[in-house]
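S.K.: Residue numbers (mature numbering (1 follows the signal peptide of the UniProt record, and there is no 0)): -17 to -1, 1 to 141.
Glycine is no exception: its CB is placed at the ideal position from the N, C-alpha and C atoms.
Since the model is a prediction, treat every value here as computed from it, not as a measurement.
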């Protein structure tokens, strides 16, 4: 009787346990090949997929072993079938650091939350979701690339 009870407990335990999925704090992004002194430890955006024309919240955290100077650029490049289809040079301090209540230069650990609304265009597709390969590089005003990540982002076109 005890053996039957033990087998029953094992079965119930296995049947009711579910594995806990670890959250991907980089939203599928990986560091680029090469030597970059700084790193993002968090890159999460909501909603996912990004909805064109609606506000998107981006949470960026990381470690700056080399100081990110005022005037640094957040280069956001999109690719489709290995062809670059867009490239934005965004002032890192103005668009990401300052909306979070901080100022450049950025040293050591950082954690920023910012919002933006991707503009729609008359040539955008309608009622579809497209996935683009993305490369993000943060570059200091002296031209030194401080960090680089690659991944993909889905964009929803209403």
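Mind checking whether the beta-carbon of residue 63 lies closer than 7 Å to any heavy atom of the ligand NAP?
M.R.: Absence of the ligand NAP is noted for the structure shown, with no ligands found whatsoever.
S.K.: Which of the three DSSP states, helix, strand or coil, is assigned to residue 85?
M.R.: The answer is coil: DSSP assigns residue 85 none of H, G, I, E or B.
S.K.: Note down the Cα distance separating residue 127 from residue 107, rounded to an integer number of angstroms.
M.R.: Distance between the alpha carbons of residue 127 and residue 107 is about 34 Å.
S.K.: Does the structure place the region 14 to 32 close enough to the region 40 to 53 that three or more beta carbon pairs sit under 8 Å?
M.R.: The region 40 to 53 is in contact with the region 14 to 32.
S.K.: Determine the direct distance from the alpha carbon of residue 84 to that of residue 131, and round the result to whole angstroms.
M.R.: Using only the alpha carbons, I get a separation of about 24 Å.
S.K.: How many angstroms separate the CA atom of residue 19 from the CA atom of residue 48?
M.R.: Using only the alpha carbons, I get a separation of about 10 Å.
S.K.: If I'm right that residue 101 touches residue 36 with Cβ under 8 Å, what's the distance once you round it to whole angstroms?
M.R.: Right, the Cβ-Cβ distance comes to about 7 Å (below 8 Å), so this counts as a contact.
S.K.: Does the distance from the C-beta atom of residue 34 to that of residue 129 stay below 8 Å?
M.R.: For residue 34 and residue 129, no; Cβs fall outside 8 Å.
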